[in-house]
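Using this note's numbering, the letters of the sequence shown correspond one by one to residues 829 to 897.
Notes follow the structure.
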Amino acid sequence: MGDSYMREQAEALAQHLRLTDGKSGYVEATADGFQVFLRRKWPGKQLASWDGLPVEWIENLGTHKTRGR
């Protein structure tokens, strides 16, 4: 899989999770899946995978980390 494909999937996941405002969190593609970085606890059910790849959830990030994106 190419890097551009992974970036597109990460963007699609961010839109699916409504993380497009840049304040509440962001999604990053890694070599073997996706990492979801969030400023607060995610309400509801967390996705275990997206497009067949694992999703790792990292919650309660400091605002300075999300703002630096």
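For glycine and all other residues, C-beta sits at the position ideal for the given N, C-alpha and C.
Just so it is clear, the structure is predicted and the values come from calculations on it, not from any experiment.
Taking the Cβ atom as the reference point for each residue, do V883 and L875 lie within a distance shorter than 7 Å? Here the question's residue 883 lines up with position 55 in the sequence shown. Here the question's residue 875 lines up with position 47 in the sequence shown. A contact, by the Cβ cut-off of 7 Å.
Can you find the residues in the same chain that come closer than 7 Å, C-beta to C-beta, to R835, ignoring five residues on each side of it along the sequence? Counting from one through the sequence shown, the residue named residue 835 turns up at place 7. Correct list, in chain order: A857.
Helix, strand or coil at A876 according to DSSP, with G and I counted as helix: In the sequence shown, the residue the question calls residue 876 occupies position 48. In the structure shown, the three-state DSSP call for A876 is coil.
In terms of residues, what are the limits of the alpha helix (DSSP H) holding E884? One-based indexing of the sequence shown puts residue 884 at position 56. Counting along the chain, E884 falls outside any alpha helix (DSSP H), though it belongs to the beta strand (DSSP E) covering 881 to 886.
Taking all protein chains shown into account, do 16 or more other C-beta atoms lie within 10 angstroms of the C-beta of G880, making it buried, or fewer, making it exposed? Along the sequence shown, read from residue 1 onward, the residue named residue 880 stands at position 52. Under this definition G880 is an exposed residue.
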